[in-house]
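Residue numbers (this note's numbering): 6 to 222.
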Amino acid sequence: MIYLFLGDDLPAKDARITEIKNKFFKNSQEALAFDLDNLDGRALGEDALKQAFLTLPVIAPNRLIILRQIHKLKSADIQVLINFCQKPAKHCDVILESSENTLKGDLKDIPLYAKSLVCSKPEGPNVFDMTRLITAHRSGDALKMLDGFYRDNVHPLQIMRALVWYWGKQGKLLGKEGFERGLKALEEADLNIKRSRLNPQHAVEKVVVELSLLLRR
Numbered sequence: 006m007i008y009l010f011l012g013d014d015l016p017a018k019d020a021r022i023t024e025i026k027n028k029f030f031k032n033s034q035e036a037l038a039f040d041l042d043n044l045d046g047r048a049l050g051e052d053a054l055k056q057a058f059l060t061l062p063v064i065a066p067n068r069l070i071i072l073r074q075i076h077k078l079k080s081a082d083i084q085v086l087i088n089f090c091q092k093p094a095k096h097c098d099v100i101l102e103s104s105e106n107t108l109k110g111d112l113k114d115i116p117l118y119a120k121s122l123v124c125s126k127p128e129g130p131n132v133f134d135m136t137r138l139i140t141a142h143r144s145g146d147a148l149k150m151l152d153g154f155y156r157d158n159v160h161p162l163q164i165m166r167a168l169v170w171y172w173g174k175q176g177k178l179l180g181k182e183g184f185e186r187g188l189k190a191l192e193e194a195d196l197n198i199k200r201s202r203l204n205p206q207h208a209v210e211k212v213v214v215e216l217s218l219l220l221r222r
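Here is the structure:
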């Protein structure tokens, strides 16, 4: 059997791989030391993959080969993998893994030979979700979402660019005076960040509140 696990949700993939390993070696933990290969496509020695496919099991009925990051394989190893997938050996099962959601180039046909599963992390909120909260006068929720962006290492200036775009659309509905007050608040926040007048995170929090207040009027 050839398994293929794709996507950026590494914990979900690892859980499935562990499940297969436990089932594979449930009657002989000793076989883990002899009949399991853990390989990485980023750091394979010359002919290491070919050798792994040729090696016969020692204790377990079959060998289990885990090959991670297959999208990083060199051309020669890709051909070895394709040849194996087209004519798999009966003495080994293979788990293929990649952080990509879709295999491309010479690897694109690999899913045809494997039992495939894509494990992707659910998409989190983005800055434009936060601007919708500002429009809905939910500044408290907007600030909570902003804190989440900081914990995900989103730079304050990235958020500022989205806020400037947002105000260019939404702020004009307030008329000239309200729109210009918002622009002034955004300009001040930008200067506070670039000239280190305020902590960058606090500067963005401040302008989010200011824009929310302007929209309430």
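Using N, Cα and C, we set each Cβ at its ideal position, and we do this for glycine too.
Within 9 Å, strictly: CB atoms of residue i and residue j
i: M6; j: V99; result: yes
i: L220; j: L191; result: no
i: A147; j: M165; result: no
i: L108; j: I87; result: no
i: I25; j: D40; result: no
i: K139; j: Y171; result: Note that residue 139 is Ile in the sequence shown here, rather than Lys. Contact flag set, yes.
i: L72; j: L44; result: yes
i: E105; j: K18; result: no
i: E215; j: L151; result: no
i: Y155; j: Q91; result: no
i: R137; j: L179; result: no
Continuous alpha helix (DSSP H) stretch holding residue i: start and end
i: S144; result: S144 to R156
i: L216; result: P205 to R221
i: S103; result: Looking at the DSSP string, S103 is not in any alpha helix (DSSP H); the run it does join, the beta strand (DSSP E), is C97 to S103.
i: F89; result: S80 to Q91
i: L54; result: A53 to L59
i: D40; result: D40 -> no alpha helix (DSSP H), and no H or E assigned at all.
i: I139; result: V132 to T140
Residue burial classification, residue i (beta-carbon count within 10 angstroms, cutoff 16)
i: F10; result: buried
i: K228; result: No statement about residue 228 is possible, as the shown extent of the chain runs from 6 to 222 and does not include it.
i: E182; result: exposed
i: K189; result: exposed
i: A20; result: exposed
i: A81; result: exposed
i: S217; result: buried
i: P161; result: buried
i: L117; result: exposed
Chain-order list of residues whose beta-carbon lies under 8 Å from that of residue i (same chain, five-residue window excluded)
i: R202; result: L196 and A208
i: L61; result: R68 and H96
i: F133; result: A167 and Y171
Rounded straight-line distance, which links the Cα of residue j to that of residue i
i: I70; j: L59; result: 11 Å
i: Y8; j: K120; result: 5 Å
i: V129; j: G145; result: Per the sequence shown, residue 129 should be read as Gly rather than Val. Computed Cα separation, rounded: 18 Å.
i: R200; j: E193; result: 10 Å
i: A36; j: K28; result: 12 Å
i: K126; j: K149; result: 21 Å
i: I115; j: F89; result: 10 Å
i: F30; j: D157; result: 38 Å
i: N32; j: A38; result: 14 Å
Same chain only: Cβ atoms within 6 Å of residue i, ignoring 5 sequence neighbours per side
i: G46; result: Q74, I75, K77 and L78
i: I83; result: D111
Start and end residues, beta strand (DSSP E) containing residue i
i: R73; result: R68 to R73
i: F184; result: Note, F184: premise wrong, no beta strand (DSSP E); alpha helix (DSSP H) at G180 to K199.
i: K120; result: K120 to V123
i: N27; result: Run containing N27: none in the beta strand (DSSP E); it sits in the alpha helix (DSSP H), L15 to F29.
Proximal residues to residue i (C-beta, below 7 Å), its chain only, five neighbours per side dropped
i: A94; result: F58
i: Q175; result: T140
i: K55; result: V85
i: F184; result: G176 and K177
i: G187; result: W172, G176, L216 and L219
i: L213; result: A small fix is needed here, since residue 213 is Val in this sequence, not Leu. Counting only Cβ-Cβ distances below 7 Å, and skipping sequence neighbours, we find I139, S144, A147, L148 and L151.
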